[in-house]
Amino acid sequence: MMDWTDRHCRYLHRLMSRRALLYTEMVTAPAVIHGDRDRLLGFDPAEQPVALQLGGSDPVQLAEAARVAAEYGYVEINLNCGCPSDRVQSGSFGAVLMESPGLVADCVAAMRDAVDVPVTVKCRIGVDEQDPHVVLPDFLARVSAAGVDRFAIHARKAWLQGLSPKENRDVPPLDYDLVYQMKGLFPHLHLSVNGGVASLNEAEAFLNAGLDGVMIGRAAYHTPSAVLLDADARIFGESGGRTAEEVVVLMLPYIELHLINGGRLHQVTRHMLGLFQGRPGARHWRRYLSENAHVEGAGPEVVEQALGQLAAQAA
């Protein structure tokens, strides 16, 4: 979800669900230690609960980055052992860490010693020629022995040689059965499934079958209303949900503040394009925002006009 789940996206998604746990983009431990921390880690308190996803493979660096993140108020620190990008591989972190469960155990142990908030892990079922039925249970056993009790498992291998990061999200086959098997082997662990989950119906099926959580990425971004607006009611048993139109109206003061602080409209509205996906007028909504949000001086009125076009087309 690099370049997707920034603070503007998370603010939007929080307006759609009070209960869903939101994750940041992956931030590397060296960037946290040496970079602009407010830019990398800052977030609006209204986004809570928010988890920070860290990338790295040096226990000392990860511990320091986790400590800094905890001071910013994140409710969870998640170590990424699933990203297959070339940049991540060259840094010896991300999915390549599936080959080094001992190192991952050292990393999470150091992170846990540094913070009081939960330290969790997102992983693949294996990489390249590894046998997932051998690798994944060994990985879970060794890392959980270091004190981690929550894992999000992307139910695909990552092919570090031969597939692009984009292809790694679609080409390797999903093996949900293996994730279920891991829940049977490790009933004491909180195991969430990730990868290819496209709807709340699918999420409910996984939960009803015994898994502890479901992590939804692309579907929550591209069709947020279908995934998030009903999540509190259907997953958490709470009432009082909003409509997509109400969410747009609630975004207007946020957009105004962003512009006052020197931001540009399209930096926020690019995350709002899919709000009305599947509804009459959705194409006009997307097109109007896409064509006008980049214009110099564009403000909240552009969003209001796009909403008017949507209503006119739906009438």
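Each position in the sequence shown, counted from 1, maps to that position plus 375 in this note's numbering.
Heads up, the beta-carbon is just placed ideally off N, CA and C, and yes, glycines get one too.
Beta-bridge partners of Ile452, as assigned by DSSP = Leu427, Val494
DSSP-derived helix/strand/coil call for Arg600 = What sits at residue 600 in the sequence shown is Ser, not Arg. In the structure shown, Ser600 sits in a helix (DSSP, three-state: H, G or I).
Bridge-paired residues (DSSP) for Phe526 | Val496, Leu566
If you count every other CB in all the chains shown that lies within 10 Å of the CB of Val622, and 16 or more means buried, which is it?
-> buried
Sequence-distant residues of its chain with Cβ nearer than 7 Å to Ile591 (five each side left out) | Val572, Ala578, Val602
Report the residue ranges of all alpha helix (DSSP H) runs contained in full by the region 619–686; include only those spanning at least 4 residues, in chain order.
-> 619–635, 641–644, 657–667
Where Leu437 falls, given that 16 or more other Cβ within 10 Å makes a residue buried = buried
Leu553 and Leu586 closer than 9 Å at C-beta | no
Would you kindly report the start and end of the unbroken beta strand (DSSP E) that includes Leu553?
-> Careful: Leu553 lies outside any beta strand (DSSP E), inside the alpha helix (DSSP H) at 551–560.
Short Cβ contact (9 Å threshold) for Thr399 with Tyr449 = yes
Decide if Phe611 is buried, meaning its Cβ has at least 16 other Cβ atoms within 10 Å, or exposed.
-> exposed
Could you tell me if Gln428 is buried or exposed, where buried requires 16 or more neighbouring beta carbons within 10 angstroms of its beta carbon?
-> buried
Which first and last residues belong to the alpha helix (DSSP H) in which Glu613 is found?
-> Premise fails: Glu613 is in no alpha helix (DSSP H) and is neither H nor E.
Closest by CA to Glu676, which one among Met626, Gly656, Leu575, Arg609?
-> Met626
Using only alpha-carbon positions, find the residue among Glu679, Ala441, His409 that is nearest to Met486.
-> Ala441
Among Glu666, Ala657, Ala444, Arg658, which has the Cα closest to the Cα of Leu640?
-> Glu666
Beta-carbon spacing of Leu560, Arg609 below 9 Å | no
Nearest-angstrom Cα separation, counted from Glu679 out to His529 = 38 Å
By a C-beta neighbour count over all protein chains shown, 10 Å radius and 16 as the cutoff for buried, is Val483 buried or exposed?
-> buried
Using 10 angstroms around the beta-carbon of Ser432, count the other beta-carbons present and answer buried if the total reaches 16, otherwise exposed.
-> buried
Nearest residue (CA-CA) to His659, options Gly638, Gly683, Glu671 | Gly683
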